[in-house]
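**Student:** Before I ask anything, here is the structure I am working with.
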Amino acid sequence: MGRAEQQEGSPTTGRATGQGAILLAGSCLPILGSVLLAPVLPRMMEAFATTGGVEVLVPIVLTAPALMIGLLAPIAGRLVDAAGRKRVLIVALVVYALFGTAPLYLDSLGAIVASRVGVGICEAAIMTACTTLLADLFAGTARDRWFARQTIATTLAATVFFGLGGALGAVSWRAPFVLYASSLVIAVLVAVFVRSTGRTPAAALPPIPWRLIAVPCLVSLFGGIVFYTPIAELSLVLASVGVTSTATIGLVSAVASLATAAGGFAFGRVAGRGARVLLPIALALAAVGLVVVGLTSSVAVIAVGAVIASAGTGLLLPTLLTWALSGLGFAERGRGTGMWTAALFIGQFFCPLVLLAVSVPLGGLSGAVLALGVLTAVVAGVAPLIVRRWASRLA
3 MGRAEQQEGS PTTGRATGQG AILLAGSCLP ILGSVLLAPV LPRMMEAFAT TGGVEVLVPI
63 VLTAPALMIG LLAPIAGRLV DAAGRKRVLI VALVVYALFG TAPLYLDSLG AIVASRVGVG
123 ICEAAIMTAC TTLLADLFAG TARDRWFARQ TIATTLAATV FFGLGGALGA VSWRAPFVLY
183 ASSLVIAVLV AVFVRSTGRT PAAALPPIPW RLIAVPCLVS LFGGIVFYTP IAELSLVLAS
243 VGVTSTATIG LVSAVASLAT AAGGFAFGRV AGRGARVLLP IALALAAVGL VVVGLTSSVA
303 VIAVGAVIAS AGTGLLLPTL LTWALSGLGF AERGRGTGMW TAALFIGQFF CPLVLLAVSV
363 PLGGLSGAVL ALGVLTAVVA GVAPLIVRRW ASRLA
């Protein structure tokens, strides 16, 4: 374990930047599962119209990977610690290509759903390994900047992948699945250029310090719901106030996505202030934006609210990640990253379900978004106390 610890940190600036860029590219792959296929779901519905349960199975094609990440990221974290980050990442990238491209030739909707489960398993390993390697290779303010870049990269990738999915989907509902083969290129780059940071044999793994990781993960579970709300619900909110133009919906969503990237960029500049300062600020911004979105029927005001909320969530994500990993050592970091990733994605998975459940008694989706904004404001108010009490456990 000591040998592995000594391998942490950046060897040279140029080489470290290249390795970081490769890991950012790998971090974008799980975004494929959540946005790439959204534009082709209607065409898949048509293609499998005679299949029983198509109304349930086709949406699962989109959501299954995120659920698998939420369920299996802690297991992936243990593999990352025990088997080595680089080894797990390369294997996951190769298998990811096999599962991801499988729908190009599968004719059974059930088999396609099964392949999507496989994609989710690989994504759990990819996301956990990439984030853990970033934490291994960089330290201090450099690590903060790379976590910020990870948020920026994945946010911009979501916008690009959505557009690619729509363009390829115009050719065939199968065509977007070709992009999953890109993981093979990243696997080669990882194998050649990313250095191994070592591993800790399973028998020597120390227990997870629950007193340090539990609170950040619980807050991240809630943060996942807040983070995903502007992404998943904005188009539905706009539709509920009478917007029918897909161009308008797309424009507002794209501007909100850029605001998320801007929030991530800002984190890289202010990360030194720590979670005690940044967590309440990020949550407060998200709260204000969600309240604005929930209170109005004006498209322009909804767009302003979405931008404010998205800027807050862009700042929130790297703040939560840095906070969760700040008290962990090398031998614990993979499992800690896996637990944080699981909390975030479980929150994202339950986001639409939670908002749907409360929208009925609150009179619609806008009321549900408003309620979430108020609750987020409450959490923002108590966040400094939460972080302060957590920090006392490090003493």
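Sequential numbering from 3 applies to the sequence shown in the working numbering.
By construction, the Cβ of each residue, glycine as well, lies at the ideal position given by its N, Cα and C atoms.
Quick caveat: nothing in here was measured; it's all calculated off a predicted structure.
Put G79 into one of helix, strand or coil per three-state DSSP.
**Tutor:** Helix, per DSSP.
**Student:** Helix, strand or coil for A6? Go by DSSP, reduced to three states.
**Tutor:** Its pLDDT being 41, under 50, A6 is placed unreliably by the model, and the measurement read from it follows with that caveat. In this structure, A6 counts as helix in the three-state DSSP scheme.
**Student:** Y107 lies in the alpha helix (DSSP H); which residues open and close that run?
**Tutor:** Segment: none, Y107 is in no alpha helix (DSSP H) and carries neither H nor E.
**Student:** Which residues in the same chain have their Cβ closer than 7 Å to the Cβ of A308, if we skip the five residues on either side of it in sequence?
**Tutor:** Cβ neighbours of A308 beyond the five flanking positions: P232, L236, V254, A258, G291, V295.
**Student:** Determine the contact status of I215 and G338, defining contact as a CB-CB distance below 7 Å.
**Tutor:** Closer than 7 Å, so yes.
**Student:** According to DSSP, is P211 part of a helix, a strand, or is it coil?
**Tutor:** P211 falls in the coil class under three-state DSSP.
**Student:** Does the region 90-102 touch the region 363-382, meaning 3 or more C-beta pairs lie closer than 8 Å?
**Tutor:** Result no; under three Cβ-Cβ pairs closer than 8 Å.
**Student:** With DSSP run on the structure shown, which of helix, strand or coil describes W175?
**Tutor:** W175: coil per DSSP, three-state reduction.
**Student:** What does the Cβ neighbour count give for T229, buried or exposed, with the cut at 16 atoms within 10 Å?
**Tutor:** Here residue 229 is Phe; the residue named in the question, Thr, does not match the sequence. Result: buried.
**Student:** Determine the closest residue to A358 out of F347, A249, L323, A234, with distance taken between C-alpha atoms.
**Tutor:** At residue 358 the sequence reads Leu, which differs from the Ala that was named. It is A234.
**Student:** Identify whether L38 lies in helix, strand or coil by the three-state DSSP scheme.
**Tutor:** Helix at L38.
**Student:** Measure from the alpha carbon of V42 to the alpha carbon of each residue in V63, L26, A144, then state which is nearest.
**Tutor:** Taking only the C-alpha atoms, the option nearest V42 is V63.
**Student:** Just tell me which of V190, G86, G252 has its CA closest to the CA of A131.
**Tutor:** With distances taken between Cα atoms, A131 lies closest to G86.
**Student:** On a CA-only basis, which of L364, L181, V384, S328 is nearest D138? Give me that one, please.
**Tutor:** Among L364, L181, V384, S328, the Cα nearest to that of D138 belongs to S328.
**Student:** What number of angstroms, rounded off, separates the C-alpha of G200 from the C-alpha of T134?
**Tutor:** If you take the alpha carbons of G200 and T134, they lie about 12 Å apart.
**Student:** Report buried or exposed for R5, applying the criterion of at least 16 other Cβ atoms within 10 angstroms of its Cβ.
**Tutor:** For R5, the pLDDT reaches just 37, beneath the cut-off of 50, and the residue's location in the model is therefore unreliable, although a value from the coordinates is still provided. Exposed is the call here.
**Student:** Alpha helix (DSSP H) containing S300: first to last residue?
**Tutor:** Looking at the DSSP string, S300 is not in any alpha helix (DSSP H), and its letter there is neither H nor E.
**Student:** Would you identify the three-state DSSP class for S328, choosing helix, strand or coil?
**Tutor:** DSSP places S328 in coil when its eight states are reduced to three.
**Student:** Answer with buried or exposed for P105, where buried requires no fewer than 16 other C-beta atoms within 10 angstroms of its C-beta.
**Tutor:** By the 10 Å Cβ count, P105 comes out buried.
**Student:** Taking the straight line between their C-alpha atoms, what separation do you get for D83 and S117?
**Tutor:** Going by the C-alpha atoms only, they are around 26 Å apart.
**Student:** Can you tell which of S184, F352, P386 has its C-alpha closest to the C-alpha of L223?
**Tutor:** Closest option to L223, Cα to Cα, is F352.
**Student:** Distance check for A264 and R320, CA to CA, integer angstroms please.
**Tutor:** The amino acid at residue 320 is misidentified as Arg; the sequence shows Pro. In a straight line, the C-alpha of P320 is about 12 Å away from that of A264.
**Student:** Taking 6 Å as the cut-off, is the CB of L59 close to at least one heavy atom of the ligand GDP?
**Tutor:** Among the components modelled here there is no ligand, and therefore nothing to report on the ligand GDP.
**Student:** Can you check the region 201-267 for any alpha helix (DSSP H) of at least 4 residues that lies completely inside it and give the ranges in chain order?
**Tutor:** As far as the region 201-267 is concerned, its whole alpha helix (DSSP H) runs of at least 4 residues are 212-242.
**Student:** With a threshold of 16 other CB atoms inside 10 Å of the CB of E334, please say whether the residue is buried or exposed.
**Tutor:** Buried: at least 16 other Cβ atoms inside 10 Å.
**Student:** Flag this pair as yes or no: are the beta carbons of S159 and C30 separated by less than 7 Å?
**Tutor:** At residue 159 the sequence reads Ala, which differs from the Ser that was named. Result yes, Cβ atoms of A159 and C30 sit closer than 7 Å.
**Student:** Quick one, are the C-beta atoms of L318 and A268 less than 7 Å apart?
**Tutor:** No, these two residues do not count as a Cβ contact at 7 Å.
**Student:** Going by beta carbon distance, what residues of the same chain come within less than 6 Å of L240, once the five residues before and after it are set aside?
**Tutor:** Excluding positions up to five away in sequence, the list reads I251.
**Student:** Rounded to whole angstroms, what's the CA-CA distance from V90 to I128? Just pull it up for me.
**Tutor:** In a straight line, the C-alpha of V90 is about 8 Å away from that of I128.
**Student:** Do A78 and A126 have their C-beta atoms within less than 7 Å of each other?
**Tutor:** Their beta carbons are under 7 Å apart, which means A78 touches A126 by this criterion.
**Student:** Have a look at G2 and W148 and give me their C-alpha separation to the nearest angstrom.
**Tutor:** Absent from the model: residue 2. The displayed extent of the chain is 3 to 397, so no value can be given.
**Student:** Check each candidate in L170, I210, L322 and name the one with the smallest Cα separation from P282.
**Tutor:** Ranking L170, I210, L322 by Cα distance to P282 puts L322 first.
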